[in-house]
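Q: The listed protein sequences correspond, in order, to chains F and H. Residue numbers for the first sequence follow my numbering, so the first one is 118 and each next one is one higher. Residue numbers for the second sequence follow my numbering, so the first one is 69 and each next one is one higher. No residue lacks a Cβ here, since even glycine has one placed at the ideal position from N, Cα and C. Only a predicted model underlies this, so the values are computations on that prediction, with no experimental measurement involved. I have a structure I would like to understand better, so I am pasting it below and will then ask my questions one at a time.
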Amino acid sequence: MSQFVERLDAEGRMWEDMYRNRWQYDKVVRSTHGVNCTGGCSWMIYVKDGLISWELQATDYPMIDPNIPPYEPRGCPRGISFSWYIYSPIRVKYPYIRTALYNSFQKGLEKYNNPVKAWEYVVKEDDKKYKKARGKGGFKRITWDEVATIISAALIYTIKEYGPDRIVGFTPIPAMSMMSYASGARFLELIGGVAMSFYDWYCDLPTASPQVWGEQTDVAESADWYHSKFIATVGSNVLMTRTPDAHFLVEARHNGTKVVVFSPDYSMVSRHADWWIPVKPGQDAAFWLAVNHVILTEYYYKKQEPYFINYLKQYSDAPMLVILEKQDQNYYPSKYLRASDLEEFQNEENSDWKTLVFDKLTNKITLVPGSIGFKYQKEKGLWNLELVNVKTKEPVDPLLTFIDNYDEIVLVNLPDFVNKKDIQRGCPVKKVVTKTGIKYITTVFDLLNAQLGVNRNLPGEYPKSYNDDLPYTPKWQERFTKISGDTVINFANQWAQTAAKTEGKCCIIIGAGANHWFHSDLIYRSCILALILCGCVGKNGGGLNHYVGQEKVVPVSAWATIAFALDWIRPPRRQNTPSFHYVHSCQWRYDRDSIKMSLPWKNIEYNHAIDYQVKAVRLGWLPFYPQFNVNPIKIVDMAKSDGAKDNNDIINWIVKKIKSKEIKFSIEDPDNPINFPRVWFIWRGNALMSSAKGHEFFLKHYLGTDCNAIAEEADLSNLKEINVVKEAPTGKFDLVIDINFRMDTSALYSDIILPSATWYEKNDLNSTDLHSYIHPLQEAVKPLWESKSDWDIFKFLAKKFSELAKENLPQKVIDVVATPLMHDSPNEITQPVVKDWKYEDIEIIPGKNFPNLAIVERDYHNVYNRYITLGELVSKVGVGAHGLVWKEDDVYEELKELKSIKIGDKVYPSIEEDIDACNAVLWMAPETNGKIALRAFQEEQQKVGLELTDLAKDNVNIRYSFSDLVAKPCRALTSPIWSGITNQKITYTSYHLNILKKVPFRTLTGRQHIYLDHQYYISFGEMLPVYKPRFDYHELGDIVKSHLDPKTTLVLNYLTPHGKWQIHSTYYDNLRMLTLSRGIGGIWISDKDAERVGIKDNDWVEVFNDNGVVVTRAIVSARIPEGVCMIYHSTERTISVPKARNGKRAGGHNSLTRTRVKPLFMVGGYAQLSWDFNYWGPIGVNRDTFVLVRKLEKIEF
Amino acid sequence: MDVRMHVSMVFNLDKCIGCHTCSISCKNIWTDREGTEYMWWNNVETRPGTGYPIKWEDQEKFRGGWEKVNGKLRLKLYKWAGPLERIGALLALFYNPFLPTIDAYYHPWTYAYKHLFDAPYDENNPIQPTAQPISLITGEPVEIKGGPNWDDDLGGSPLYAYNDPNLSKLSEQEREMLFEIERVVFFYLPRICNHCMNAPCVSACPSGAMYKRAEDGIVLVNQNHCRGWRMCVAGCPYKKVYYNWHTGKAEKCILCYPRLESGQAPACFHSCVGRIRYFGVLLYDFEKVEEAAKADLNEIVQKQLDLILDPFDPKVINQAKKNGLTDEIIEYAQKSPVYKFVKKWKLALPLHPEYRTLPMLFYVPPLLPIKANKTGDTYGIDKDLFTTIEKYRLPIEYFANMFTAGNKELMKEVFKKMIALRIYRRAITVGDVDKGVLNEAGFNEEDANEYFYLTSIAKFEDRFVIPTFIREIKVEQLMEPLAYKAKMGFNIRQEAKRGG
């Protein structure tokens, strides 16, 4: 056998140097990928011969606990293929402009010899043919100077003519590259433009999270999964989309953890399941409500699990008292009983915002601390979760149920949305004398048992057993989920037993597969209920782990200060994007589904979502820009010439004009040119494709170019709050600027493309909720060709803008900014009942029943100077988030010492370079500066009245700088801005702080909310988690005009889960990824469906509905269920897209979707149901869509 | 006893998340050049499936590996020449119908990306530009019909998964059942060169260009000596040697020896995000190699294990030292995670041992979800907490065909241990089950905990136990290391040239 080993001498093996030489490199630089993937992985970038050669993962994460798996190596196939992009032919190397626009501008320049006037010529005088040319080629190179002049001219013209609130900017989720986000947002806020939200628009925002916890999203880091003993994944394909984290789930299995996967298709993560449960798409709520039915029956009624009961009493609203309202002899669940309802408590401050329990020890209705009224009252220290009587400080044992202690049993009407009728179920009640008479009250827990049909031997339509087909038994859910009732019962028992044995170590990993449905909040609330009932929230290894977007900007308070220019001007203009696009891209005009799908229960106000939307803006619930049909920088002059003397006068003047309808909200007449948005900056993202629900409507109404939608407008004749222009306008935007490193769909359709540095060519910060470290992005090579970092691009624009402004905007500019009633501010306790000043004879009070109005000065000549320096408000006002504010005057001085800039005779900390801005964030944030963490906890401790600063004491001497992050990943410090703890060996999990330290949740009751008592929730029957059925395709408006031939065409539910070969659309066009997939983002369909209409694997198919057309290839597979198809989010129109049958280019995945909004997400001024940026508001749902699929014999490029 | 050292690997398929990060780290570093576009030294296959190149396991078609004829080993490639083996070898040089064609791999492509920048606006016929696929070989527009991962996640399952060669013995009906909702399943099989102990590629090479390095067993193609006969491509039953059409030479996985030599794990190991890969060395008895390669198929796995020596055995240590293995190497062999998985716990198995190549890469098989039942259109699952062998979604023989040359009992023993470990850890961490199951599976608590540590907690340095690659001694044969240090890097980088 000797022939098998080396026979060559050393010399003969010298050739081996060939491969050794390839492996050699000149330096390695730590960076990461600024893409919305939640990875936040630390990478080493290899540089050879001055070029980037490849990347490999860093493996030096500081260890959290030797008894759990380490984080190394983090990374995925997308990330490791990034180096392909750097020098690839899809790289944007130079600034580009559409020739037709350029020529038009040149004509204007020749005529007027002034760039601002030239822009006026483009949009007022010339033919505007460039809008039709959008997306159809014809780019030319342009210099940076020239392009910055055109952009600045357009901005200045728009500000003067229409107002700065007509200038908007969209960039995705900041955490992935915080300062790159901040660059454009800062520039826009300095000029009075609008930063658009992202998390809600992507539908990544789990609205149930603010509903239940008052929190945008907070979740466990992935290492915490390892502590779990039962993991259920719901619509979350951990292996595919949390690639670097997946090993924790896999490794937990080897430590005896059970894994159950809920997914309609046999997905990647199903492969690691013990049980794969293919619940029918979007029907998860039915399964989980039945699980809760079993848990309540077995662990609360038949036997009482003490761990569960104690948890529920202290940390949920289950013991809170609810009034039953009588209507036509029937009783309905209504509002919480509040301190204001009872004589005894009427002297309490904020008594409308204090809820009550029934104390078992004293047999009395009792006020316990913690509800939101205590947060905002003068006497501090009572906002906590102690179970004591607020007055006497005696311990309180709140009754969960009146079943052993009732005055009467009353039949309560509850909604059954399947049979579209009320069911009446007995509920034990107490009689109480309130200020408005004698009322029946019960507990949230008793109502929950009634709603879920838990058989407690009470009268009414209760099921007798699990096998009764009544809501919400295991048997009942079978027809929706197609999963057997026995499976539900087994699951519920194993789940609850595990939780009882381990004190809450059961977790749910949930994601887009559940969150992208119209009623995603009901699915989520059903799942969360199983966690709350089993005491799993706030426990290591437990809780709801919602991972969809990389929403967690760890140093959020400090970052937001810079990003929204809060150091210079407050308040910022921030828009919730779903409402913006729903209205401005005219999609409301096609919407015939939103109210139908909402399935109202009783007494609804409007029959179209747009009316709710307008009302929400009017009452200050949601922001909307443009604000008014008047330029906000002209309004002050108008008021002054009408006699207004000070800011108060101006605001009163505006209010008067609104009341008299002389000034209108823009949203009341959105298709009037005076109310169009005009200039749109897109950076770091693909706003026209990836997230663009109703993409084809964007092309038509925003851009004015070709579009494949054939949908007809809905019947708009009965709208109450909005002016319907006869013909919907097209091409609303005058200028779309895309800042990009690659030629994606948004770049292709924009007027101007600016080349940006990639993630290996700039310095920035990166964090995620999947781990607790903060990473740098670093410049491994200087920005290539003519690209610049985002920070430098907006700095460059700011400079040009400031120069042009001196000539073209010479006078002082005063701007009026309207902002909504904000969560975590006193605004959130302003509307205990909905009162509309438009219809009721009440006064308009900005900040109470109307948006806040602020008068601010815009210093347009100093935009550049302000951009590069940290403003004095940091020192004067401080920094904060989530309702906490602390001082930063000392840090402000320290930052000056680090690096400063003198402007005039004043010295400011410099944030001129990206690294300076990163350092400013790191020094100001409690998560990266231990001194600030302690300070923030001191503030929080005062409100709560319990010891909290012990969590910060060990960290006071830690302060990270950018160079520390470069040296190795640094773990974020525990801070009161977040709900978890990262001290010592502790893995971060959400609400750990709330449970451990009794800090209230930021909700009405201060507890986790099972019940939502806002009158809108009652009228839509969603006070408790309920099941609302899904609609079939013929009930929805996507397939009305499209022709359906059942012999050749499939009707399929259209799902767009996150993909394996892309992060949204990034990497989709990367050759590595396209090679490892099939060269195209194909459509997955089941083998059985495919056979039915003669589609074979890799056939070209046409996928279409009234919204648009996709032409792609079929991937036929047995792992896909019948009736469903999947195109992984998100495809591009740029790669391998043939023509559609009409000769136009076929579209991308969002060509088939349309925006639908649920009115219940618009509620405001009501504790946790109050707006904040990316926190609350309608979400861009898309998963209820149906499409037609048929084979294409021939295609043409 | 002739004790030698060999590098060896374990891939734990129960941990593989199918992400393909491994494939790309390799591609970025090694096969991104002209002529190598279609090569994936590391690839990941979905199973059931037909893999890359398509149906590579069908040795009736490709004739890779060894067969035993009259008590002797013969390359299967020479089969058609019957007893005239030598003539067969000669003839095969000029006529080799068993070589995979480019279509068996795939036709590499790119896109006309530039068009997106350059497309003019045509006022009369305006249309949005798109980047059409074009061939990386001809530059012409191309229709994409195959790729290196074409049947990923059961894509095209009626064509690919259904025709997995390891399912070929199942009846049509049995096979169809595997693709119904109660049983549908897949897992991933990452593959690199196995650096076989009995490498057929080396034997098949007519130019003497292929060799196994004496110090570590890594199989390489000398880029100066290769003449492009491609017998190695045909001879390798795993199809892990590739022909570079630009240089006219064969290339293959080099186990990242430049990284190993500097103490770093191969790039695909380093980048493995599922943390499924283990690297270590084994001591083996060179005298027993031939016997193992010739073993009866029902005991070939055991015979391969018999080759592997106990690094704690004083006799082995003594003999190893006599053979010139250093104390350090013996120590690394003792620490080797591969030794534990393969020999101590018998949890990792070679891929297709029936090819008689004695692969040095071993696989821990995957646990799968339990199969469901269906009543009407309602889907249900039994009460079992974890997977059981009885309710496996794939038949045991499927795995036996892959890993044990058909020996089902051996396969079951492995699965039993894996399931037992989970129950044992559950007993310890939750306490709602009985840990007694461990003994039945043939594990004691100490071994189980060590296995648990390696499969669950193991850190980078536990997974990759990399010994010295004695570079100074190798260099010394050429010149004084001090002189080498002074001049290294001054050589001119050059790529292999056609015919050179």
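Go through the region 1101 to 1172 of chain F residue by residue and report every complete run of the beta strand (DSSP E) that reaches 3 residues or more, in order.
A: Fully enclosed beta strand (DSSP E) runs of 3 or longer: 1166 to 1172.
Q: What three-state label does DSSP hand F/Ser-433 in the structure shown?
A: Correct three-state label for F/Ser-433: strand.
Q: What does the alpha-carbon distance come out to for the pair F/Ala-373 and H/Tyr-492?
A: Looking at the sequence provided, one finds Gly at residue 373 of chain F rather than Ala. The straight-line gap from Cα to Cα measures roughly 7 Å.
Q: Thinking C-alpha only, which one of F/Ile-962, F/Cys-544, F/Asp-1214 is nearest F/Asp-953?
A: Nearest option by C-alpha distance: F/Ile-962.
Q: To be precise: take each residue of the region 599 to 612 of chain F, compare its Cβ to all Cβ atoms of chain H, and keep it if any distance is under 8 Å. Which residues remain?
A: Answer in chain order: Lys-599, Ile-600, Ser-601, Asp-603, Thr-604, Asn-607, Gln-611.
Q: Could you check how far apart the C-beta atoms of F/Gln-667 and F/Ile-197 are, in whole angstroms? I think they sit under 8 Å.
A: Rounded, the Cβ-Cβ distance is 18 Å, inconsistent with contact.
Q: At the level of alpha carbons, what is the spacing between F/Asp-1067 and F/Ser-884?
A: Cα to Cα, F/Asp-1067 sits roughly 25 Å from F/Ser-884.
Q: Does F/Tyr-956 pass the burial test, meaning 16 or more other C-beta atoms within 10 Å, or should it be called exposed?
A: Label assigned to F/Tyr-956: exposed.
Q: Under 9 Å, do F/Ala-631 and F/Cys-644 count as touching if we go by C-beta distance?
A: Contact: yes.
Q: Could you pull the DSSP bridge partners for H/Lys-317 from this structure?
A: In DSSP, H/Lys-317 forms a bridge with H/Asn-312.
Q: By the criterion of Cβ-Cβ separation under 7 Å, what are the contact partners of F/Arg-137 in chain H?
A: Here the neighbours are Pro-326.
Q: May I ask you to list, following chain order, the residues of the region 346 to 365 of chain F that have a beta carbon less than 7 Å from some beta carbon of chain H?
A: Against chain H - using a Cβ distance shorter than 7 Å - the residues of the region 346 to 365 of chain F are Lys-346, Leu-356, Thr-360, Pro-361, Ala-363, His-364.
Q: H/Tyr-256 lies in the alpha helix (DSSP H); which residues open and close that run?
A: No alpha helix (DSSP H) holds H/Tyr-256; the beta strand (DSSP E) holding it covers 255 to 259.
Q: Are there 16 or more other CB atoms within 10 angstroms of the CB of H/Lys-571, so buried, or fewer, so exposed?
A: Nothing can be reported for residue 571 of chain H: it is not among the residues displayed for chain H, which extend from 69 to 568.
Q: Taking H/Phe-185 as the query, report the chain F residues whose CB atoms sit under 7 Å from its CB, ordered along the chain.
A: Neighbours of H/Phe-185 on chain F, chain order: Phe-256, Met-860.
Q: If F/Gln-594 and F/Ala-403 are in contact, beta carbons under 8 Å, what's the gap, nearest whole angstrom?
A: That belief holds up - the Cβ atoms of F/Gln-594 and F/Ala-403 are roughly 4 Å apart, short of 8 Å.
Q: Less than 9 Å separating the beta-carbons of F/Val-529 and F/Tyr-418?
A: No, these two residues do not count as a Cβ contact at 9 Å.
Q: Is it the case that the Cβ atoms of F/Ser-904 and F/Ala-864 are separated by a distance below 9 Å?
A: Not a contact, by the Cβ cut-off of 9 Å.
Q: Leaving out five residues before and five after F/Leu-429 in sequence, what residues of the same chain have Cβ atoms less than 6 Å from its Cβ?
A: Excluding positions up to five away in sequence, the list reads Ala-435.
Q: Measuring CA to CA, which of F/Asp-1033, F/Pro-190, F/Trp-1003, F/Ser-1136 is closest to F/Ile-1094?
A: Checked all of F/Asp-1033, F/Pro-190, F/Trp-1003, F/Ser-1136; the closest Cα to F/Ile-1094 is F/Trp-1003.
Q: Is the Cβ-Cβ distance between H/Cys-321 and H/Trp-109 less than 9 Å?
A: Result yes, Cβ atoms of H/Cys-321 and H/Trp-109 sit closer than 9 Å.
Q: Does F/Glu-128 come within less than 9 Å of chain H when only Cβ atoms are used?
A: Yes, its Cβ sits closer than 9 Å to a Cβ of chain H.
Q: Buried or exposed for F/Asp-1361, going by 16 or more other Cβ atoms inside 10 Å?
A: Beyond the ends of chain F as shown, which are 118 and 1314, falls residue 1361 of chain F; an answer cannot be given.
Q: In chain order, what residues of the same chain have a beta carbon less than 6 Å from the beta carbon of F/Met-357, not counting five sequence neighbours either side?
A: Closer than 6 Å at Cβ, skipping near neighbours: Met-385, Lys-1177.
Q: Roughly how many angstroms lie between the CA atoms of F/Phe-425 and F/Tyr-641, to the nearest whole one?
A: Distance between the alpha carbons of F/Phe-425 and F/Tyr-641: 20 Å.
Q: May I have a chain-ordered list of the alpha helix (DSSP H) segments no shorter than 4 residues that lie completely inside the region 483 to 535 of chain F?
A: List check, alpha helix (DSSP H) in window: 489 to 492.
Q: So is F/Ala-369 in contact with chain H if we call contact Cβ pairs under 9 Å?
A: So, interface residue.
Q: Can you check which of these residues, H/Leu-222, H/Leu-415, H/Ala-473, is closest to F/Tyr-383 by C-alpha distance?
A: Nearest option by C-alpha distance: H/Leu-222.
Q: Let me know the secondary structure DSSP gives F/Ser-119 once reduced to three states.
A: Interpretation of F/Ser-119 is limited by its pLDDT of 39, a score under 50 that renders its predicted location unreliable; no figure is taken from the coordinates.
Q: Is the beta carbon of H/Cys-324 sitting closer than 9 Å to the one on F/Trp-140?
A: It is a contact, given that the beta carbons lie within the stated cut-off.
Q: How long is the line joining the alpha carbons of F/Glu-1057 and F/Leu-1065, rounded to whole angstroms?
A: So the two alpha carbons sit approximately 8 Å from each other.
Q: Quick check on the burial criterion: 16 or more other C-beta atoms within 10 angstroms. Buried or exposed for H/Cys-84?
A: When all chains shown are included, H/Cys-84 counts as buried.
Q: Would you decide whether F/Ala-1257 is buried or exposed? Buried here means 16 or more other CB atoms lie within 10 Å of its CB.
A: It counts as buried.
Q: Does F/Met-385 get closer than 9 Å to chain H when you measure Cβ to Cβ?
A: It does; some Cβ of chain H falls within 9 Å.
Q: Look at H/Gly-296 and H/Ala-318 and say whether their C-beta atoms are less than 9 Å apart.
A: Taking 9 Å as the Cβ cut-off, H/Gly-296 and H/Ala-318 qualify as a contacting pair.
Q: Between the region 825 to 833 of chain F and the region 691 to 709 of chain F, can you find at least three pairs of beta-carbon atoms closer than 8 Å?
A: Yes, they touch.
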